[in-house]
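Chemist: I have a structure I would like to understand better, so I am pasting it below and will then ask my questions one at a time.
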Amino acid sequence: MAEIEKLRVDKYLWAIRIFKTRSLATDACKAGRVKLNGQNIKPSHVVKVGDTYHIQKGVEKKIVEVTALLDRRVDAKTAVNFYEDRTPLEETYGYKAIYHAPILKRDRGTGRPTKKERREIDELKNDAWDED
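For the sequence shown, full-length UniProt numbering begins at 1 and goes up steadily by one.
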């Protein structure tokens with residue numbers, strides 16, 4: 001494999017599978033969600049080995065250190081060899097806690113009647129009309 005001299009950050013983040021498409025990586029850079037040393041970077045920023053990027057994708061935050069350059073998208077197992085994930089464990093699993101939050105459920109009998117309860121109510125009403 002030929003040595004890559006210049007590589008755009010948006011192309012690199014797409015190639016190592018941080019973003020699903022290159023345009024999403026470009027948009028993240030333009031929106032200030034990709035930082036190098038605390039500074040926002042443009043999508044055309046040149047990636048160097050040893051750079052550490054702070055990336056925010058929605059509620060997920062990642063810290064990625066470049067170990068090698070990759071200019072085309074490869075499978076996930078191979079892509080892992082081109083960067084080192086420096087994200088602390090608290091942040092890695094912290095955003096997943098949102099999805100495991102307890103689900104609020106109303107108590108049975110409050111609010112609208114269930115289908116079974118509705119049928120029972122209808123039966124009572126019909127019985128009351130039939131008696132007259």
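Where a beta carbon is used, it is the ideal one built from N, C-alpha and C, also for glycine.
Between the alpha carbons of I16 and R73, how many angstroms are there, rounded?
Modeler: Taking the Cα positions, I16 is about 7 Å away from R73.
Chemist: What residues in its chain sit with their C-beta under 7 Å from that of F19, if we drop five residues either side in the sequence?
Modeler: L13, A25, A28
Chemist: Among all the DSSP beta bridges, which residues are the ones paired with T52?
Modeler: E65
Chemist: DSSP three-state call for L36: helix, strand or coil?
Modeler: strand
Chemist: Report yes if the C-beta distance between V49 and L7 is below 8 Å; otherwise report no.
Modeler: no
Chemist: Output yes or no for whether 8 Å exceeds the beta carbon distance between R86 and I63.
Modeler: yes
Chemist: What residue range is occupied by the uninterrupted alpha helix (DSSP H) comprising D10?
Modeler: 9-15
Chemist: Assuming the contact rule is C-beta atoms closer than 8 Å, E60 and Y83 should be a hit. Round their C-beta distance to whole Å, please.
Modeler: Actually they are not in contact, since the Cβ atoms of E60 and Y83 sit about 16 Å apart, beyond 8 Å.
Chemist: Are L69 and A79 closer than 8 Å when you measure CB to CB?
Modeler: Contact flag unset, no.
Chemist: Might you give, ordered along the chain, the residues of its own chain that have their beta carbon closer than 8 Å to the beta carbon of R33, omitting 5 neighbours on each side?
Modeler: Excluding positions up to five away in sequence, the list reads I55, Q56, K57.
Chemist: Using a threshold of 8 Å, state whether the C-beta atoms of K11 and R22 are closer than that.
Modeler: The Cβ atoms of K11 and R22 lie closer than 8 Å to each other.
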